[in-house]
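Enquirer:
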Amino acid sequence: MPHIYDPQNIFARILRGEIPNKTVLETKHSLAFHDINPAAPVHVLVICKGPYVTYDHFAAEASAAEIVDFHRAFAQVCAQVGVAAGQGYRAITNAGAHGMQEVPHFHMHILGGQVMGPLIQR
Ligand code: AMP
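So the sequence shown is residues 58 to 179, counted in the numbering used here.
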């Protein structure tokens, strides 16, 4: 199935400056900000700036520079919010209907500050 990017999604609007965000880090190709509805004491979203819907879309079609930038930003955010050298964290990316993705713009959740529990409910 092709990845069709909706430029009106809320993260695209954040990137255009139409909606405010609590920025943690901004790089050339990536932006990290606090989730508006945190599910844990630490809940930061790292998003790419390019028009990619899911992680597989990003991994398949983004440039090498974008891919490196995103992952380096991810590492820097983990260090900045104190989970990298601390008690750890969970990174989650949701995709599509089965992943229950709410915002169709690729992003990674960094969750920490507490034990995150089992991976999924059975
Ligand atoms: P997902 O289900 O992976 O697409 O998650 C989308 C996440 O974006 C949710 O955790 C929301 O709380 C978060 N979110 C939605 N709107 C905003 C916003 N304006 N600023 C920050 N986080 C947001």
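Just so you know, even glycine gets a beta-carbon here, dropped at the ideal spot from N, CA and C.
Express the C-alpha separation of P161 and H60 in angstroms, rounding to a whole number.
Expert: Sequence index remark: in the sequence shown, residue 60 carries index 3 (1-based). Sequence index remark: in the sequence shown, residue 161 carries index 104 (1-based). Roughly 10 Å separates the two Cα atoms.
Enquirer: Verify the contact flag: F90, CB atom, against every heavy atom of the ligand AMP, threshold strictly below 8 Å.
Expert: Against the sequence shown, residue 90 aligns to sequence position 33. Under cutoff, so the answer is yes.
Enquirer: Tell me the rounded alpha-carbon separation between Y146 and Y112.
Expert: Stepping through the sequence shown from its first residue, residue 146 is reached at position 89. Stepping through the sequence shown from its first residue, residue 112 is reached at position 55. Cα to Cα, Y146 sits roughly 19 Å from Y112.
Enquirer: Can you tell me where the beta strand (DSSP E) holding L168 begins and where it ends?
Expert: Residue mapping note: residue 168 aligns to position 111 of the sequence shown, counting from 1. Unbroken beta strand (DSSP E) run through L168: H164 to G169.
Enquirer: At a threshold of 8 Å, does T150 count as lining the ligand AMP (C-beta to nearest heavy atom)?
Expert: The count along the sequence shown starts at 1 and reaches residue 150 at position 93. Checking every heavy atom of the ligand AMP against the Cβ of T150, one is found closer than 8 Å.
Enquirer: Can you tell me whether G169 is buried or exposed? The criterion is at least 16 other CB atoms within 10 Å of its CB, across all chains shown.
Expert: For the purposes of this step, residue 169 is taken as the residue at position 112 of the sequence shown. Its Cβ being crowded by 16 or more others within 10 Å, G169 is buried.
Enquirer: State the DSSP-derived secondary structure class of H128, mapped to helix, strand or coil.
Expert: As a working note, residue 128 is residue 71 in the sequence shown. Looking at H128 - three-state DSSP - the assignment turns out to be helix.
Enquirer: What's the call for M157, buried or exposed, on a 16-neighbour Cβ count within 10 Å?
Expert: For this step, residue 157 is matched to residue 100 along the sequence shown. Counting Cβ neighbours within 10 Å, M157 comes out exposed, since fewer than 16 surround it.
Enquirer: What number of angstroms, rounded off, separates the C-alpha of P98 from the C-alpha of M173?
Expert: Along the sequence shown, read from residue 1 onward, the residue named residue 98 stands at position 41. Along the sequence shown, read from residue 1 onward, the residue named residue 173 stands at position 116. In a straight line, the C-alpha of P98 is about 10 Å away from that of M173.
Enquirer: Please state whether the Cβ-Cβ distance between C105 and H164 is less than 9 Å.
Expert: Numbered from 1 along the sequence shown, position 48 holds the residue referred to as residue 105. Numbered from 1 along the sequence shown, position 107 holds the residue referred to as residue 164. Yes, Cβ-Cβ distance for C105 and H164 is below 9 Å.
Enquirer: Around the Cβ of S120, are there at least 16 other Cβ atoms within 10 angstroms (buried) or fewer (exposed)?
Expert: Your numbering for residue 120 matches position 63 in the sequence shown. Counting Cβ neighbours within 10 Å, S120 comes out exposed, since fewer than 16 surround it.
Enquirer: Please list, in chain order, all residues of the same chain as A132 whose beta carbon is under 8 Å from its beta carbon, the five residues on each side excluded.
Expert: On the sequence shown, residue 132 is found 75 positions in, with the first residue counted as 1. These residues qualify, in order along the chain: A141.
Enquirer: If you follow the beta strand (DSSP E) that E83 is in, where does it begin and where does it stop?
Expert: Here the question's residue 83 lines up with position 26 in the sequence shown. E83 -> beta strand (DSSP E) spans T80 to E83.
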